[in-house]
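In what follows, a structure is listed as structure tokens, so that the remarks can point back to it.
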Amino acid sequence: MADQQALDEVVRFTSDLIRIDTTNRGGGDCQERPAAEYAAEQLAGAGLEPMMLERTRGRTNVVARIEGSDPSADALLVHGHLDVVPAEAADWSVHPFSGEIRDGIVWGRGAVDMKNMDAMILSVVRNWARQGLRPRRDLVIAFTADEEASAEDGSGFLADEHPELFEGCTEGISESGAFTFHDGAGRQIYPIAAGERGTGWLKLTARGRAGHGSKVNKENAVTRLAAAVTRIGEHEWPLRLTPTVRAALAELAALYGIETDLHDVDALLEKLGPAAKLVEATVRNSANPTMLEAGYKLNVIPGEAVAYVDGRYLPGGEDEFRATLDRLTGPDVDWEFSHREVALQAPVDSPTYAGMRAAVEEFAPEGHVVPYCMSGGTDAKQFSRLGITGYGFAPLKLPEGFDYQALFHGVDERVPVEALHFGVRVLDRFLRTA
């Protein structure tokens, strides 16, 4: 069991890590090294020998291994990223890098994504060192750079250049799972991630005939691009149910006493009420236009126009995604992936999933654990190159009205102290026995 020092440390570690500004603006504009040094120091204090690895100067990753008591068991990867998305201080109630602890809440960028989980991992490992405890399986602890951009300096670099560090790892856990979802009717649901949609960030390029803005021009690149973007934005993607989503719908329907009618999923989602938010973004592929670039002067028709689209596809859905984009862009607009990563799926009938469920239920017996698929992605995509099956499991017990999902990349990101205490207890229970 986690002792009082572990509970105190998880709060302090979360606050300390938030105060280390690791804003990732993309394009290499980030320095994770100070946070990596902090994490490595705490791991060394637990008797471990952390390695610090960089592909690019200052973009630092930390990896350490804990030997388990059962040498025949497969190893488990436990990973968290050190970088965060930008935050505009003027928009926040407190400074986003203050790490302020006020009224039982830790405030700041990274409080839920995901310096809280980083702090939980450090707290659990140090607690074991004090109590002389060991996990059953070997654990590989990894703190990564660059998750909030391409992961090329983080998990991608580790998977491609240092696979030996993850020898024996068959499964992994990281962010976005086992948090309290309140349905507004008194039920507390704990979704554990067992899948991720694939990432298909697209660059669209329309070419045409440059000319004077006052002249007739039927080869206008802006017009061609706008038409393609409109078709993509208005497209209604067909329903596609993966095994993880089917399991989620079945368990949610059973929880609400609703017949599981997968022939009319939209009607089923409507009956689930607020709980539909856990599933609705992952029953289809999606493509949302996000950026436009064209022209340099109002009275000049440019010869080229560019747009960017955030595309996501379900496991098994990439071929359909590509074919649909070919059709929607048409003959006058080319498209390419500016960033692409695979979709993931993990079994919900595995001993590891059962262990996560049991750990949550021990400390939240009133809760209902269900599987779900993430609409976005994590470092698990890169680690899947090594044959590692990824789950989202960063446990937090949250009060009603605390919208966890809205705080991801949101203003006034924060986490309750009691949520961190719950997370340490659940993570300790799961990792010792997994």
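Per our numbering, the very first residue in the sequence shown carries number -8; after that it's consecutive. For every residue, glycine included, the Cβ atom is placed at its ideal position computed from N, Cα and C. Given the structure is predicted, the values throughout are model-derived calculations rather than measurements.
- In the three-state scheme derived from DSSP, where H, G and I count as helix and E and B as strand, LEU232 is classed as coil.
- When Cβ pairs closer than 8 Å are counted between the two stretches, the stretch 417 to 425 is seen not to touch the stretch 193 to 211, the count staying below three.
- Spatial neighbours of HIS359 in its own chain (CB-CB distance under 6 Å, excluding positions within 5 residues in sequence) are listed in chain order as ILE180, LEU246.
- In the three-state DSSP reduction, PRO342 falls in the helix class (H, G or I).
- Taking C-beta separations shorter than 6 Å and ignoring five residues to either side along the sequence, the partners of THR161 in its chain run ASP65, following chain order.
- The beta carbon of GLY19 sits closer than 6 Å to none of the beta carbons in its chain outside the five residues before and after it.
- In this structure, the beta-carbon distance from LEU305 to ARG331 does not fall below 9 Å.
- Spanning the alpha carbons of VAL300 and LEU260 requires a straight line of approximately 26 Å.
- Distance between VAL97 and ALA285, taken at the CA atoms: about 43 Å.
- Residue range -5 to 10 is occupied by the alpha helix (DSSP H) that includes SER6.
- Under the 8 Å Cβ criterion, the stretch 222 to 242 does not count as touching the stretch 129 to 149, having fewer than three qualifying pairs.
- Taking C-beta separations shorter than 6 Å and ignoring five residues to either side along the sequence, the partners of GLU391 in its chain run HIS173, following chain order.
- Annotation for MET42: the continuous beta strand (DSSP E) segment containing it runs 42 to 45.
- Runs of beta strand (DSSP E) with 3 or more residues, each lying fully within the stretch 348 to 396, are found at 358 to 365, 380 to 383, listed in chain order.
- The beta-bridge partner set that DSSP reports for ILE96 consists of ARG93, PRO407.
- Selection ARG188, LEU39, PRO182, GLU311 evaluated against ARG125 yields LEU39 as nearest (Cα-Cα).
- Check the Cα spacing between TRP83 and each of VAL408, GLU404, PHE413, VAL415: the tightest is with GLU404.
- Taking each of PRO62, ALA31, ALA184 in turn and checking the Cα distance to ALA133, the smallest one comes out for ALA31.
- The residue among VAL333, THR5, ALA241 with its C-alpha nearest the C-alpha of GLY101 is THR5.
- Between PRO386 and LEU269, the gap from beta carbon to beta carbon reaches 9 Å or more.
- Nearest to VAL333 by C-alpha distance, out of VAL351, ALA218, MET365, SER341, is MET365.
- ASP7 sits away from ARG121, with the two beta carbons spaced by 9 Å or more.
- Each residue's CA atom was taken as its position, placing VAL339 and LEU113 some 27 Å apart.
- When the five nearest sequence neighbours on each side are left out, the beta carbons in the same chain lying within less than 6 Å of the beta carbon of ALA55 are those of LEU34, LEU39, PRO41, ILE132, in order along the chain.
- The continuous alpha helix (DSSP H) containing GLU28 extends over residues 24 to 35.
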